[in-house]
Structures are given as C-alpha cells and as structure tokens.
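For reference, the structure discussed in these notes is given below.
Residue numbers (our numbering), protein chains in the order written: chain E, 6 to 182; chain Z, 12 to 137.
Structure, rendered in structure tokens:
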C-alpha cells in the first residue's frame, strides 16, 4: 500500500518516524501499567500494534526498519543490555512470522489471527533467548502459560489494528488496495 | 474475525492447555515417588547450592548483578527479596514440589525443585 503523493519519499520517512515514536511511547506506557496475569513474563504487547500496522501499511524493508528502530531506541531509553537481547529475540521472531504471513498474502488469516501468531512467536523468541542466557531449556515449560496469555493479548492487539487500519484508510493518505 | 482465525485460536488454546495438563500430570507423578525434595540453586549457569526443603534457612546470593534472598520454611522455598528490575522472581509463588521453579532472569538465578527417592536405582531395579 504505497503512499499516494509525489513527495512519497518524505512522506514515507515521516510515516516511519511517527510509527517508531508511537511504538516507543506504547512500550513506555506499558511499563507503567501494573498488569499481571499471574504468569511470569506475560505482557500486553502494545508495541505489537505498531509492528503489525507497519507491516500492513509499508513494504518489507520499511516495516523492518520500524521494528529495528523501535527495539534499538526503546533499549537506549529504558532498557539494559539483557532486556535488549530479549526484545531483539521476541521482536524479530514475531515480526518475521507476521511479515511472512502478510507479505505472502496468506488470505485465510485476518489481523486477529496474525496478531495472535505474532504474540505467541514473541513469547517463544523471548523464552529461547532466556533458555540460551541461563543455559537451561526447562524455562520453555513456561510457554503453555504464556501462550494462553498471548491468545488474549493477541486478540486485543489484532482488534486494535483492525480498527486502526480502517481509520487510516479513511484518511486517504494511502492508495486503495 | 475470519473462520481460520477462530480455528487457529482454538488449536493454540488446545495445544497450550494440553501441554499444561501433561506437564502437571508428570509433575504430580514425580512428586508422589519422591522421598527427598531438594532445591537446586543455579547462579549464572553454575550450581550454587543444593538445599533440602525440610531444613529451614535463609540463603543469600550476591553477584555483581545484584542480590537475591531465598527462604526455606514449611517445606517450601520462596524468593522474598531481590534488587532486580522486574521483581518477577519475588512475585513468583513459593516452590514446593518437584518441577516447581523460581527464576530471576535479570540476575540469572534459577531455583528448581528436584525430587529423588531414597532407594535410587535399587528401587527401580526391584
């Protein structure tokens, strides 16, 4: 869905910057919400709203840039080196799987399905990184619990993206297709 | 929501609940056959200490990453204080039976409950 404008390069750059800024703010807001599923490590995954929106709105290279910048900048602002490794593993794994489904035009899944897959992939990525860091694979045993939480948050994020895309299309900033 | 979305969600939920059930079952079976219940404390990938859950004590772990305090009481082990950033370990429920774990990822502290039967190999051989 390319931007319809002669100045599309500038527009694309601005759009990427806005998406990255939104993702960072959502990550920061999420840290302030004392949200607890009683599952260690479960999160809302609000930044995933921006990742998935970027995948739908932008071509691969640009959405990849959005995710990469989001991970780097969030780490610089609030994270430590280890939290950076976790968001790298979770963020990229969920991004690549969601991107694969969207760009290959896998029409059977809607935004909600893709978002749920992305949320589960995010957990899997983080647990694999954790297993690697502590050199102990038992931690993957947390996956079923985290998966249940991810289904819930994934549906919420997917619904948000669905409404967001509808609203963005109404702005006519993007070409219809 | 598309039909495939719903199928996907149901399949994922069934897989998650199923593996959770199997894990609980295996854990319960291991707990039944265990006579001695011990907690294995691993810090930064190396075994720090193995403690028997029937001996009340306070264990202090200090590394350059920070500190963790564990307490054994009433046959259970609990992480009651740590200066890690996420405090997930402190909010974890006390570990009681084999298979239970307490993990402090920022400090790379892993507490794993293991059960062993006194008979050991002989008991199985009979």
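The C-beta atom is built at its ideal place from N, Cα and C for all residues, glycine as well.
Residue range of the beta strand (DSSP E) that includes residue i
i	result
residue 91(Z)	87 to 93
residue 73(Z)	68 to 74
residue 78(Z)	77 to 84
residue 60(Z)	57 to 63
residue 124(Z)	120 to 127
residue 47(Z)	47 to 54
residue 33(Z)	Where residue 33(Z) is concerned, there is no enclosing beta strand (DSSP E), although the alpha helix (DSSP H) it sits in stretches over 14 to 44.
residue 114(Z)	112 to 115
Any C-beta of chain E under 8 angstroms from that of residue i
i	result
residue 39(Z)	no
residue 94(Z)	no
residue 44(Z)	no
residue 30(Z)	yes
residue 90(Z)	no
residue 223(Z)	Here chain Z comprises residues numbered 12 to 137, so residue 223(Z) is not present and cannot be evaluated.
residue 70(Z)	no
residue 74(Z)	no
residue 116(Z)	yes
residue 122(Z)	no
residue 5(Z)	Any question about residue 5(Z) goes unanswered here, given that chain Z covers just 12 to 137.
residue 56(Z)	yes
residue 107(Z)	no
residue 53(Z)	yes
residue 112(Z)	yes
residue 48(Z)	no
residue 99(Z)	yes
residue 103(Z)	yes
Beta-carbon proximity list for residue i, same chain, < 7 angstroms, skipping 5 on both sides
i	result
residue 102(E)	122, 123 and 126
residue 83(Z)	62, 64, 66, 67 and 68
residue 110(Z)	38, 41 and 124
residue 55(Z)	74 and 119
residue 115(E)	none
Residue-level contact to chain C via CB, residue i, 8 angstroms cutoff
i	result
residue 89(E)	Structure shown: chain C not included; protein chains present are E and Z.
Cβ of residue i within 8 angstroms of any chain Z Cβ
i	result
residue 150(E)	yes
residue 146(E)	yes
residue 169(E)	no
residue 156(E)	yes
residue 153(E)	yes
residue 182(E)	Bear in mind that a pLDDT of 38 at residue 182(E), under 50, signals an unreliable position, so the number given afterwards is only what the model happens to contain. For residue 182(E), the answer is no, since every Cβ of chain Z falls outside 8 angstroms of its Cβ.
Proximal residues to residue i (C-beta, below 6 angstroms), its chain only, five neighbours per side dropped
i	result
residue 25(E)	71, 74 and 75
residue 107(Z)	87
residue 155(E)	124, 125 and 128
residue 60(Z)	52
residue 4(E)	There is simply no residue 4(E) to check, as chain E begins at 6 and stops at 182 in what is shown.
residue 70(Z)	81
residue 142(E)	136
residue 114(Z)	121
residue 92(Z)	80
residue 76(Z)	118
residue 32(E)	52 and 79
residue 153(E)	none
residue 119(E)	103 and 106
Neighbourhood of residue i by C-beta distance below 8 angstroms, restricted to the same chain and skipping five residues each side
i	result
residue 58(E)	24, 166, 169, 170 and 173
residue 148(E)	128, 129 and 132
residue 126(Z)	41, 42, 44, 45, 46, 47, 48, 49, 108 and 109
residue 87(E)	138
residue 38(E)	49
First and last residue of the uninterrupted alpha helix (DSSP H) at residue i
i	result
residue 76(E)	65 to 82
residue 107(E)	86 to 108
residue 106(Z)	Taken as a continuous stretch (DSSP letters only), residue 106(Z) belongs to no alpha helix (DSSP H), as it is neither H nor E.
residue 128(E)	116 to 139
residue 58(E)	52 to 62
residue 98(Z)	It is not in any alpha helix (DSSP H) - residue 98(Z) carries neither H nor E in the DSSP assignment.
Exercise. In the stretch 97 to 117 of chain E, which residues sit with their C-beta less than 8 angstroms from some C-beta in chain Z, listed in chain order?
Worked result: Hits within the stretch, in order: 113, 114, 115 and 117.
For this session: Identify each residue in the stretch 115 to 143 of chain E for which the Cβ-Cβ distance to at least one residue of chain Z is less than 8 angstroms, and report them in chain order.
Result: Within the stretch 115 to 143 of chain E, those residues whose Cβ lies closer than 8 angstroms to any Cβ of chain Z are, in chain order, 115, 117, 118, 121, 122, 125, 135, 138, 139, 140, 141 and 143.
For this session: Return the residues of the stretch 44 to 68 of chain E that lie within a Cβ-Cβ distance of less than 7 angstroms from chain Z, sorted by chain order.
Result: Listed in sequence order: 45 and 46.
Problem set entry | Touch test, the stretch 88 to 95 of chain E against the stretch 132 to 141 of chain E, Cβ-Cβ under 8 angstroms, three pairs minimum | Touching, yes, given that three or more Cβ pairs across the two stretches are closer than 8 angstroms.
Exercise. According to a CB-to-CB cut-off of less than 9 angstroms, which residues of the stretch 12 to 26 of chain Z neighbour chain E?
Worked result: Taking 9 angstroms as the Cβ-Cβ cut-off against chain E, the residues of the stretch 12 to 26 of chain Z that qualify are 12, 13, 14, 15, 16, 17, 18, 19, 20, 23, 24 and 26.
For this session: Examine the Cβ distances between the stretch 15 to 22 of chain Z and the stretch 94 to 102 of chain Z and report whether three or more of them are shorter than 8 angstroms.
Result: The stretch 94 to 102 of chain Z and the stretch 15 to 22 of chain Z do not touch, with fewer than three beta-carbon pairs separated by less than 8 angstroms.
For this session: Decide yes or no for the touch test of the stretch 79 to 93 of chain E against the stretch 156 to 163 of chain E: beta carbon pairs closer than 8 angstroms, at least 3 of them.
Result: Cβ pair count under 8 angstroms is below three, so no.
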